[in-house]
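Numbered according to our numbering, the sequence shown spans residues 23 to 76. Beta carbons: idealized from backbone N, C-alpha and C, even for Gly. Read the structure below first, then the notes.
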Amino acid sequence: MGSKKTLWQKIKLIASRRSNAPRWADIKKFGLKRARGRRIAAVTKHWRRGRNKI
23 MGSKKTLWQK
33 IKLIASRRSN
43 APRWADIKKF
53 GLKRARGRRI
63 AAVTKHWRRG
73 RNKI
């Protein structure tokens, strides 16, 4: 079972966003020309799905 979290802990986890991938990671994945329009997506952390234990 997951750890019991208070409401503010859940809100803190949902509100925290992963930072965008660095530019070189985009270029490495997509190549120089295609990396301009594509970014490696950064998603909002979800307090139930993630492995973020407080």
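Rounded to the nearest whole angstrom, the C-alpha separation of Leu54 and Ala43 is 15 Å. Going by DSSP, Ile49 is part of the alpha helix (DSSP H) stretching over 45–52. Taking the CA atoms as reference points, Lys51 sits about 8 Å from Ile62. The C-alpha of Arg45 is placed about 8 Å away from the C-alpha of Ala57.
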